[in-house]
Amino acid sequence: MCGIAGGISLAPGTRPDPRRVEAMSAGMTHRGPDGAGLWIAPSGRAVLAHRRLAVIDLATGSQPMLDESGSIGITFNGEIYNYLELREELAGEGERFRTRSDTEILLRLIMRRGEESVKVLRGMFAFAAWDDRCGSLLLARDRLGKKPLFYTVEGKCLYFASSLAALRAGAAVNSIDPQALDIYLALGYIPAPYTIYRNTFKMPAASLATLGHRGLCLRGFWDPADYGEPYSGSYQNALDELQEKLDKAVALRLRSDVPVGVFLSGGIDSSLVTATTVRQSVEQIETFCVGFEDSRFDESKFSSAIANHLGTRHHTLRGRTDLLDILPRMTLHFGEPYADSSALALWAMAQHARPSITVALGGDGGDEGFAGYGWYGNARRLDSLANLIPASVARIGAWGARLAARHCQGSVKMGRIERGLTVLELSRAERFAALRSFVNATEAEFLYDGELLERRRAGLDPASTILIDAYTRASGTALRKMRYTDIRTYLADDLMPKLDIATMAHSLEARAPLLDHEVLAFGLSLPDHFLMDERGGKRILRDLLARHVPRAMFERRKQGFSVPLQVWFSGQLRPRLEALTRSEALEGLGLLKPAGIRRLVAEHATGARDHSQRLFSLVQLEDWLCSR
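Residue numbers are given in UniProt numbering: position 412 of the sequence shown equals residue 412, and the series is strictly consecutive.
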């Protein structure tokens, strides 16, 4: 696990500036404390840089790595889990190797198969390979966006880096994009290809860029919608097949020359990964969790019970409000506004685990692959209501609930009822987008100002457009469409950056067996009734876990890897809310109404509405503005 950066000439007669690339590399020391490298191609048309966190082949896996001629180079961030199988395959084709690293396997695979190489990789990756003989580039990012890659074009040169902050260190990136800001406030994150800056982009997951005689070309190489034929076997066979696939995914991710542990929250996903890891490891596994003083958010007792049952060496970090001290540092590492509060707990756990391990397995991906989110059930219930309640009745009900929410103290439930009734007259795709957005048309009217408000009044809602486009791209049932949408947006652009940044900030590598693309594709092929029953989602994961752990240890209401944000806003974070109402940084944008911010704070303080997520988004935005 590492950090990469580089500069590539896009036109004859231009050359990237090596000093800029060196500056970008220097900004990623935390991603690669074990070494740094820089390669300037003989022609000067490419400069590649690398920061290394050594995990496999500690002695000889340094980068950028070159072929024997010194004209082909690669800088690579990630892990290719099936590198041993690919090595054997390449050896059968006559290749000889100088190292034991997965980097060399990737380099030689690209030399033989070009861009087709990405289709056989199992793992997480972002890499740039340059062939100086013909001036060709291959830039790629893994299927689910586990490894980040940002880029911009300046002076007919392409500059790229593993972090937005590093890219800014070597390129003129500074102007805020109002459209991206709108998306951020609506979703709490900024999906690819957008970043908070104009003319600066995230490379989308499952995409590659090539440079040849036709110029720079960006396209996708994999889509979770292409999951093949729906599963036709029995439920029992599906359980057995899923266990086999998970066994393989875990075995691949246990390949390491450094200590490996597991993040065990006590939920279904991380418990299943832990149980599978314990079965495959000859040594006692170390597990880690975060607990909170507020019992409503604390799952540490459940994770401890599961750890005891499975025989792991368990560590619990007690999370108090001092987790809030992490916020400024976290903002700097993300490089743009980011408002997923669960990153705080993950950041603290990674920091806690790093002295003991260098690689951590986790349960990420279970919710998307196997229908674990509560909003899937909410959407299905709303779909049923939409078929029963006429649109005119829904509008009247929403109006009444809105009045109750505004005039009756403590009427958070009425606010939710209003929101639910308001979306009944929408299409399924629009309804799902509305459920996933925190700023609807009414809220935009009182909160937004300037260009943001003008765009919304013109009917432009970029966050909803992104979600609706993804929803309509998928085929199959509504549940499958919702999961596909979350995989393409929420997973790739919220959860994966969180996992990468919160762990890499402490030079820790995170691996997610449930996000092995073969495991995920299998989940997407399953019929709805294998995934959801009267108890909720993830039916097949629950039943599989019951083979390893007694049901009494995990059959409870879904908690998620969350922090007590609502409680904090009533306590230690209360002064931050009051400060928002007079924030010069937010007012200076000219895009938000101070009166709208005051309204959010007041409604939250009185209990009229739960604005925890909207307010946290504003807190994070203010922190980011002040840190620029």
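Where a beta carbon is used, it is the ideal one built from N, C-alpha and C, also for glycine. Computed from a predicted model, the values in this text were never measured in an experiment.
Note down, in chain order, each residue of its chain lying with its Cβ closer than 8 Å to the Cβ of residue i, except the 5 sequence neighbours on either side.
| i | result |
| --- | --- |
| S207 | A140, R141, L218, R219, G220, F221 |
| F446 | K593, A595, G596, R599 |
| T477 | D528 |
| D132 | A41, P42, S43, R45, A46, S71, I72, G73 |
| S612 | L565, Q566, F569, H604 |
| S617 | Y184, L185, G188, P337, A339, F438 |
How many whole angstroms separate the CB atoms of residue i and residue j, which I take to be in contact at a CB cut-off of 8 Å?
| i | j | result |
| --- | --- | --- |
| V250 | Q284 | So it is not a contact: roughly 16 Å between Cβ atoms. |
| R346 | Q572 | It is worth fixing the name first, because residue 346 is Leu in this sequence and not Arg. With a Cβ gap of about 20 Å, L346 and Q572 do not count as contacting. |
| G155 | T14 | 7 Å |
| V262 | L254 | In fact, because the Cβ distance is near 10 Å, the residues do not count as touching under 8 Å. |
| F125 | G78 | 4 Å |
| I110 | L90 | Actually they are not in contact, since the Cβ atoms of I110 and L90 sit about 11 Å apart, beyond 8 Å. |
| H309 | V549 | 6 Å |
| P16 | C157 | 5 Å |
| L239 | L544 | 6 Å |
Output needed for residue i: all residues of its chain with C-beta closer than 7 Å, excluding positions within five of it in sequence on either side, in chain order.
| i | result |
| --- | --- |
| D623 | L327, P328, T331 |
| A172 | E154 |
| D95 | The residue asked about is misnamed: residue 95 is Glu in this sequence, not Asp. Cβ within range, chain order: R108. |
| A371 | L479, R483, L531, M532, G537, K538 |
| V278 | I285, L310, G311, T312 |
| residue 630 | This structure cannot settle anything about residue 630, because the visible part of the chain is limited to 1 through 628. |
| K147 | N77, G78, M124, F125, A126, R141, D500 |
Would you decide whether residue i is buried or exposed? Buried here means 16 or more other CB atoms lie within 10 Å of its CB.
| i | result |
| --- | --- |
| V282 | exposed |
| H213 | exposed |
| S384 | exposed |
| P12 | exposed |
| D493 | buried |
| C289 | buried |
| T152 | buried |
| G410 | Below a pLDDT of 50, predicted positions are generally treated as unreliable, and G410, at 44, falls in that range; no measurement from the model is reported. |
| residue 629 | The chain is shown from 1 up to 628; residue 629 falls before or after that span and cannot be answered. |
| T258 | Here residue 258 turns out to be Val, not Thr, going by the sequence shown. Result: exposed. |
| S234 | exposed |
| T606 | exposed |
| R535 | exposed |
| L465 | Inspection of the sequence shows that residue 465 is occupied by Thr rather than by Leu. Its Cβ having fewer than 16 others within 10 Å, T465 is exposed. |
| G3 | buried |
| G311 | exposed |
| D226 | exposed |
| S9 | buried |
| Q236 | exposed |
Looking only at its own chain, which residues have a Cβ that is under 6 Å from the Cβ of residue i, when we skip the five neighbours before and after it?
| i | result |
| --- | --- |
| E451 | P178 |
| L621 | P337 |
| L121 | I80 |
| R576 | V619 |
| G145 | A205, A492, M496 |
| H333 | I501, A505 |
| L66 | G73 |
By the three-class DSSP mapping on this structure, what secondary structure does residue i have?
| i | result |
| --- | --- |
| R98 | coil |
| F302 | helix |
| K202 | strand |
| A350 | helix |
| Y83 | helix |
| G459 | coil |
| G170 | helix |
| G588 | helix |
| V619 | helix |
| S627 | helix |
| A371 | coil |
| N440 | coil |
| residue 640 | With the chain covering 1 to 628 only, the question about residue 640 has no answer from this structure. |
| S507 | coil |
| G7 | strand |
| Y197 | strand |
| M124 | strand |
| P178 | helix |
Taking 8 Å as the cut-off, does the stretch 495 to 503 touch the stretch 370 to 387 (at least 3 CB pairs, one atom from each stretch)? no
Quick check: the stretch 354 to 365 against the stretch 507 to 519, are there 3 or more CB pairs under 8 Å? yes
Three or more C-beta pairs closer than 8 Å, one from the stretch 190 to 202 and one from the stretch 22 to 31: is that the case here? no
Three Cβ pairs or more, each shorter than 8 Å: is that satisfied between the stretch 155 to 165 and the stretch 426 to 445? no
Cβ pair count under 8 Å reaching 3, the stretch 476 to 491 against the stretch 100 to 117: no
Between the stretch 299 to 313 and the stretch 242 to 249, do three or more beta carbon pairs fall short of 8 Å? no
Specify whether the stretch 469 to 476 and the stretch 358 to 368 touch according to this definition: at least 3 beta carbon pairs, one from each stretch, less than 8 Å apart. no
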